[in-house]
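One structure below.
The structure is reproduced here in structure tokens:
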């Protein structure tokens, strides 16, 4: 029997007070963004709780009477529950009071009731089972990894490999043979020009002798001619066969080359141009990055990436409150889906900027998806580690900047928008959230073997893809410039080791079937 830690949910309601911030569009009835922060709980009650009698509790240092609290350690029916209030949803609010407006942003204070959900870890015993083999028999279904064990994410960017449509050792080899023959023909003509006509006449007589079988010289000459002629014919035949095989091999290699490699074109993309501004908006700070980049065709695009500092803080605090170890791919799917849901409000400005990009530059649906993906590709790669950075926070390590002590080694979407530091799954999760808001059918491509994540998207294309639900999802690399739709680095190209994950961000019960696993006592409000 093996032990496994699962989570149960407790629903809380209560009264609280705090501060209010909303971003509104006059043309819409609902705010584009709405949040509460600096919450103080006055009273609360819980329901639908299965009490856990044996578990440890984390120390809590905040005072409930303080003016600004981001969490509370609450006691209910003899048990203690840690509540992260950054993600509490206010159900009814009286006010807000003293509202001030800055453009489309409103600020104020409120008093009202709240609802929250706390995840309580508990241990269950399950029978041990041997890992199941890879299921790769049906090519029409997505390749899935059904084994057990920890899932690791890639921590190394993939450098692009250029292809000009002619494989090394294939058609280039055939061209080499043709150039070699041409060289010797030119050399022979040049030699004849140097030695004069007389040697040329002797050479013609020798060839005639070989071709006639030596009949010109009588019996002995005939025998010698047959031998020399046979040797010459053998060598010429061998050379002809070699050239023919080389040409056929080159053509076959070109035709059978990976479709995703033929899709790549050599484009000299310029480096990403960035400019950062920080604007004070009421009691908050708006972080803005003006990005300018080239797509695969060399066309320049530009847009602003904007996020409030309070959104970054709320997203990071929420991520930190979730259990730190996920033992299966299913749990990664739950985590990604949860972050996509909880960070969706934080990305409202980025989604609006993406729509504006398509309208301003006249991009169609496919062009907009490629433009947004190449934008993320253009952002320099950064390590995102769960442990401290080896050379210090922000310093370069193994050729790339490092961001350390991040839960799961993941920078959540709002954090990536704010500091432009992200590895593979950080980038994929942001693109997934934005593209899904824009109406694209997207997924997360995850590989335990390659420790890498890529975006999966339904678009017209060719190359490497996985089928799911009757739709073809093409791989899209996000960690380096130059990768086109459908191209996978050859080192990661075995599709048997890739899994397509559809995130259940819109399913309110998404975390019921397979709750997150926790190696430490922790609860979280969402």
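Residue numbers (our numbering): 3 to 528.
By construction, the Cβ of each residue, glycine as well, lies at the ideal position given by its N, Cα and C atoms.
Item, Value
"Inter-stretch contact (C-beta, 8 Å, three-pair minimum) for the segment 355-375 and the segment 399-415", "no"
"Test item: CB-CB of residue 308 and residue 351 under 8 Å", "yes"
"C-beta contact flag for residue 463 and residue 442 at 8 Å", "no"
"Given residue 482 as reference, the closest of 456, 473, 502, 408 once Cα atoms are compared", "456"
"Neighbourhood of residue 393 by C-beta, 8 Å cutoff - its chain only, sequence neighbours within 5 removed", "399, 404"
"Nearest-angstrom Cα separation, counted from residue 180 out to residue 289", "60 Å"
"Other residues of its chain near residue 306: CB distance less than 6 Å, five sequence neighbours each side excluded", "290, 292, 355"
"Straight-line Cα distance separating residue 341 from residue 465", "29 Å"
"Ranges of the alpha helix (DSSP H) found wholly within the segment 400-486, counting only runs of at least 4", "415-421, 426-439"
"Start-to-end residues for the beta strand (DSSP E) that takes in residue 306", "302-310"
"Environment of residue 397 [buried if 16+ CB atoms lie within 10 Å]", "exposed"
"contact_flag[the segment 376-385, the segment 424-434] where n(CB pairs < 8 Å) is 3 or more", "yes"
"Best match in 278, 312, 372 for proximity to residue 300 [C-alpha to C-alpha]", "372"
"Cβ-based neighbour list, residue 503, same chain, cut-off 8 Å, excluding 5 preceding and 5 following", "331, 334, 335, 338, 445, 446, 447, 448"
"At least three beta-carbon pairs within less than 8 Å, the segment 482-493 to the segment 409-429", "no"
"For residue 67, the three-state DSSP class (helix, strand or coil)", "Note that residue 67 scores 32 on pLDDT, short of 50, meaning its location in the model is unreliable and no value can be drawn from it."
"Environment of residue 239 [buried if 16+ CB atoms lie within 10 Å]", "exposed"
"Pick from 415, 411, 370, 375 that is closest to residue 315, judged by C-alpha positions", "415"
"Integer-rounded CB distance, given that residue 437 should sit under 8 Å from residue 592", "No answer is possible for residue 592: it lies beyond the span of the chain, which begins at 3 and ends at 528."
"Length of the line joining the Cα atoms of residue 349 and residue 434", "12 Å"
"Exposure of residue 304, with buried meaning 16 or more beta-carbon neighbours within 10 Å", "exposed"
"The alpha helix (DSSP H) enclosing residue 493, as first and last residue numbers", "Premise fails: residue 493 is in no alpha helix (DSSP H) and is neither H nor E."
"Coarse secondary structure for residue 298, derived from DSSP in three states", "coil"
"Among 282, 409, 25, 390, the one whose alpha carbon lies nearest that of residue 323", "409"
"Where residue 418 falls, given that 16 or more other Cβ within 10 Å makes a residue buried", "buried"
"Those residues which DSSP pairs with residue 360 across a bridge", "Looking at the DSSP assignment, residue 360 forms no beta bridge with any residue, so it has no partner."
"CB of residue 364 within 8 Å of CB of residue 387, strictly", "no"
"Boundaries (first-last residue) of the beta strand (DSSP E) holding residue 498", "Segment: none, residue 498 is in no beta strand (DSSP E) and carries neither H nor E."
"For residue 93, the three-state DSSP class (helix, strand or coil)", "For residue 93, the pLDDT reaches just 44, beneath the cut-off of 50, and the residue's location in the model is therefore unreliable, leaving the point undetermined."
"Residue nearest to residue 278 in terms of C-alpha spacing, selected from 285, 294, 286, 500", "294"
"Residue 24, buried or exposed, once every other Cβ within 10 Å from all chains shown has been counted against 16", "buried"
"Simplified DSSP assignment, three categories, for residue 166", "A caution first: residue 166 carries a pLDDT of 38, below 50, which makes its placement in the model unreliable, though a value can still be read off. If DSSP states are grouped into helix, strand and coil, residue 166 belongs with coil."
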